[in-house]
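Enquirer:
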Amino acid sequence: MTQLRVGSWIPTEGDTPYTRLGGSEAVRALAEAFYDAMDATEPALAKLHPLDEQGRVSRGSRDRFGMFLIGWLGGPQDYMATHGHPRLRMRHARVPVNEPMRDAWLRCMAAAMNARGVEGEVRSYLDARFAEVADFLRNV
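Below is the structure:
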């Protein structure tokens with residue numbers, strides 16, 4: 001995990017965003033809230049994912065993102081063990097990621113963090129980290 005300092009908090013091995021959010025179930029709930037926000041407010045972004053029979057982002061996408069987030073936030077590295085290195089740029093190369101798409105993704109994540117009550121130092125940290133990664137993934 002990159003040691004980005006935002007405000008007064010610097011994550012450590014024993015004090016990670018994963019632990020501050022409440023562990024695996026809380027991070028999976030954040031992933032669910034993220035895709036729920038995407039389904040509700042960003043249909044063009046949602047359509048870039050496999051959809052289920054109700055037209056919502058599929059269970060597979062939700063579970064995979066939840067597993068990724070758990071590891072990325074400092075929890076168990078099950079994503080890496082199952083899928084290998086995330087290679088985020090490579091995995092997103094098939095989709096043109098421009099500024100409006102980046103901003104839509106960030107709106108969904110902000111809505112998810114709001115819905116899950118993510119506040120304080122961990123929220124400041126995550127806002128900065130998610131913005132950094134979303135901007136890194138722009139390819140248009």
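Using the numbering used here, the first residue of the sequence shown is number 1, and each one after it goes up by one.
Cβ atoms here follow ideal geometry from the backbone N, Cα and C, with glycine treated the same way.
Predicted model, so just to flag it, every value in this text is computed and none were measured.
Going by DSSP, which residues form a beta bridge with W72?
Expert: Bridge partners of W72: none, in fact.
Enquirer: Tell me whether the beta-carbon of N98 lies closer than 9 Å to the beta-carbon of V133.
Expert: V133 sits away from N98, with the two beta carbons spaced by 9 Å or more.
Enquirer: I'd like to know whether the C-beta atoms of L106 and V118 end up nearer to each other than 9 Å.
Expert: no
Enquirer: Can you say whether L164 is buried or exposed, counting buried as having 16 or more other CB atoms within 10 angstroms of its CB?
Expert: Shown here, the chain extends from 1 to 140; a query on residue 164 therefore has no answer.
Enquirer: Does DSSP put L51 in a helix, a strand or coil?
Expert: strand
Enquirer: Distance check for A104 and H49, CA to CA, integer angstroms please.
Expert: 14 Å
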